[in-house]
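Each residue of the first sequence is one higher than the one before, counting from 20 in our numbering. Backbone N, C-alpha and C fix where the C-beta goes; we use that ideal spot for every residue, glycine too. Heads up: the structure comes next, in structure tokens.
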Amino acid sequence: MPELPEVETIVSELNAALPGSAITGTRVFRDNALGGVPVADFQEALAGRVFERVRRRGKFLVFDFRDGGHMIGHLRMTGKFILSPPLTQPHAHHRVWFHLDNGRLLIFQDARCFGTLAIVERLADHAPLQRLGMEPLSSGFTAKWVAAALRQSKTPLKIWLMDQSRIAGLGNIYASEILFRASLSPMRPAHTVTGGEPARLHRATRRTLREAIHHNGTTISDFRRVDDKTGGFQDFLRVYGKQGQPCPRCRAPIVKARQQQRSTFFCPSCQR
DNA sequence: AGCGGAACCTGTCGGC
DNA sequence: TGCCGACAGGTTCCGC
Numbered sequence: 020m021p022e023l024p025e026v027e028t029i030v031s032e033l034n035a036a037l038p039g040s041a042i043t044g045t046r047v048f049r050d051n052a053l054g055g056v057p058v059a060d061f062q063e064a065l066a067g068r069v070f071e072r073v074r075r076r077g078k079f080l081v082f083d084f085r086d087g088g089h090m091i092g093h094l095r096m097t098g099k100f101i102l103s104p105p106l107t108q109p110h111a112h113h114r115v116w117f118h119l120d121n122g123r124l125l126i127f128q129d130a131r132c133f134g135t136l137a138i139v140e141r142l143a144d145h146a147p148l149q150r151l152g153m154e155p156l157s158s159g160f161t162a163k164w165v166a167a168a169l170r171q172s173k174t175p176l177k178i179w180l181m182d183q184s185r186i187a188g189l190g191n192i193y194a195s196e197i198l199f200r201a202s203l204s205p206m207r208p209a210h211t212v213t214g215g216e217p218a219r220l221h222r223a224t225r226r227t228l229r230e231a232i233h234h235n236g237t238t239i240s241d242f243r244r245v246d247d248k249t250g251g252f253q254d255f256l257r258v259y260g261k262q263g264q265p266c267p268r269c270r271a272p273i274v275k276a277r278q279q280q281r282s283t284f285f286c287p288s289c290q291r
């Protein structure tokens with residue numbers, strides 16, 4: 020589910036509902052996400068805290084509390100945050116319930132248990148957050164910045180795009196989709212991307228993310244679910260998962276390759 | 001610097 | 001039908 024556009028979507032939905040509500044109690048059904056923090060400590064750290072707002076940084080969700088502390092969440096592969104009416108029984112994948120004083124339930128659900136939840140009093144205390152690089156939708160992310168950053172690395176473009184310490188928020192799906200839209204090969208060493216190409220990559224990154232956010236995120240499962248429906252974003256993905264199908268631009272077959280143990284999809288004919 | 005491999009977990013899907 | 005391996009949107013750590 021979660022790359023930048025999906026997290027952005029979740030954050031804006033949470034932000035429309037959470038601010039002003041207080042946590043009256045926390046139930047932990049499985050504690051993998053807590054990173055070794057004892058459940059009792061986690062519960063105690065949250066008791067009575069009031070949500071001020073929710074923000075996104077890279078793929079992290081940052082819940083700001085009114086008293087200045089924060090809960091930092093990461094969904095990894097299968098994590099989800101859900102706002103729900105009160106329930107009596109947890110679903111099999113529910114990991115944490117946050118009871119709110121407005122009667123609602125904030126649920127952290129995660130089939131694979133890779134997701135993480137941490138509570139910090141200062142953002143600087145959260146090392147993974149501090150390691151994140153440029154926000155691709157921020158004003159600092161310019162074609163000039165992209166060109167300069169490309170020059171400093173020999174890493175293949177796809178890997179280059181996914182390094183969170185360089186650009187924060189791009190994952191396996193969007194990296195492939197961005198490179199397709201930029202007509203650049205995922206295998207190209209970053210420093211060989213020159214001339215007008217960095218601007219193309221910059222533009223494709225912004226447009227792809229903005230379009231995905233506009234569609235409230237794109238996911239594989241959602242993509243399947245809407246297969247027989249019209250509208251929406253079923254046409255969003257151009258290359259991801261489409262090996263063997265004709266390239267939407269030049270009709271050559273899309274190829275599936277492997278880079279750092281992850282699948283890359285691209286058109287070898289028009290991505291150079 | 002960069003890469004391959006493994007680890008953290010569970011669910012699903014394709015092939016035989 | 002059933003089992004088994006491959007693979008899945010992420011990140012980190014370790015060794016070369």
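Rounded separation between residue i and residue j - CA only
i	j	result
PHE160	GLU216	15 Å
GLY214	PRO208	14 Å
PHE79	LEU94	8 Å
GLN19	ASN191	Look at the range of the chain in this structure, 20 to 291, and you will see that residue 19 is not part of it.
PRO155	ASP144	24 Å
GLU71	SER31	13 Å
THR283	GLN108	40 Å
SER103	PRO147	29 Å
LEU23	LEU189	6 Å
Residues bridged to residue i [DSSP beta-bridge criterion]
i	result
GLY190	Beta-bridge pairing links GLY190 to no other residue.
TRP116	ARG46 and ILE126
For residue i, the three-state DSSP class (helix, strand or coil)
i	result
MET90	strand
VAL304	In this structure the chain extends from 20 to 291, so residue 304 is not present and cannot be described.
LYS177	helix
VAL245	Confidence at VAL245 is low in this model, with a pLDDT of 36, below 50, so the placement of that residue should be treated as unreliable; the coordinate-derived value is given next. VAL245 falls in the coil class under three-state DSSP.
ILE197	helix
PHE61	helix
LEU106	coil
Cβ-Cβ distance between residue i and residue j below 8 Å
i	j	result
LEU176	ARG76	no
VAL115	PHE133	no
PHE84	VAL69	yes
MET90	LEU136	yes
TYR193	LEU228	yes
ASP129	HIS112	yes
VAL258	SER195	yes
CB-CB length for residue i against residue j, believed under 8 Å
i	j	result
ALA162	HIS221	4 Å
THR202	GLN262	Reading off the sequence shown, one finds Ser at residue 202, where the question assumed Thr. Rounded, the Cβ-Cβ distance is 18 Å, inconsistent with contact.
VAL56	GLY88	Actually they are not in contact, since the Cβ atoms of VAL56 and GLY88 sit about 14 Å apart, beyond 8 Å.
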